[in-house]
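Participant:
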Amino acid sequence: MKDLDLTLDYMENARFNYVYGAAVARMEEPMFTTVEKLCISMIYHKFVLRNGPRTRYMTVAQLSGFIRMMFKITDPLINQRIVKVVSQDESCVHPKFHPDRHCTLKSFMKMFTIYFSNDLEKRMQFVFSVYDEEEVGYLNRECVMRYIETFFMGDDEDELFEMRADMLELLFQKFDLDKDLVITFDEYCEVVRKQPELLEFLGTIYPSQYDLDVVGLCCNLQLG
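Residue 1 is where the sequence shown starts when you use full-length UniProt numbering, and the numbers rise one by one after that.
Structure (structure tokens):
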């Protein structure tokens, strides 16, 4: 596509088409049209350009900043976990790619697919994978408590301890259906299917609809 971004000169637009055109054509993302995928790719390209003319990838620090500024996910722990889950791309074997430092275009596109999907099953899978810090398929009491600690703030340590302990017990009564002291993905899904409002029970992962609309407008996404 010629001159997709008028802030770039002819050579930069040509370079964009050369680098990303074929990759976009191969992407199987039915949610977005080819033009929309090109627009998302251009945003990715702008981040890459800031890292120097010879770089290939967006950094995880840039991805974290994008999620914080555009999706308003400001909690450090959750932001870090989202970056970790989103940036995983086992298909990338390029020698200059480092999974702990870089985010590929494929991962960046995956993030948009995740955030703009209304499919509850896909949302549950993503949310649980973010909460599951150890990537073991379940949440134990220590893991849940790390998120609960951010729920209550104050100077009275005894009161904070009691409130956090009460919340921990309340959540396990709700989600630990077989009372084995862990919350499995299946248990989480069973509860959330009945009460979708509990999807993000350990902290906000999805932005508000208003913020999604703003991101969609900035990215030229024509989503109904």
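From the three backbone atoms N, C-alpha and C, an ideal C-beta is built for every residue, glycine too.
How close, in whole Å, do the beta carbons of Arg164 and Glu149 come, if the pair is a contact with beta carbons under 8 Å?
Facilitator: 6 Å
Participant: Would Val144 and Leu171 be called neighbours here (beta carbons separated by less than 8 Å)?
Facilitator: yes
Participant: Is Val130 near Ile67, with beta carbons less than 8 Å apart?
Facilitator: no
Participant: Strictly by DSSP, which residues pair up with Asn140?
Facilitator: Val182
Participant: Following the continuous alpha helix (DSSP H) through His45, name the residue where it begins and the one where it ends.
Facilitator: 34-49
Participant: Given this structure, state the Cα-to-Cα distance separating Thr74 from Gln88, to the nearest angstrom.
Facilitator: 21 Å
Participant: Within 10 Å of its beta-carbon, does Phe16 have 16 or more other beta-carbons around it, so buried, or fewer, so exposed?
Facilitator: buried
Participant: Would you call the stretch 100-119 and the stretch 204-219 touching, i.e. three or more CB-CB distances under 8 Å?
Facilitator: yes
Participant: What are the start and end residues of each continuous alpha helix (DSSP H) run of 4 or more residues lying completely inside the stretch 5-32, in chain order?
Facilitator: 10-26
Participant: Apart from the five residues on each side of it in sequence, which residues of its chain come closer than 6 Å, Cβ to Cβ, to residue 228?
Facilitator: The chain is shown from 1 up to 224; residue 228 falls before or after that span and cannot be answered.
Participant: The alpha helix (DSSP H) with Arg164 in it runs from where to where?
Facilitator: 157-175
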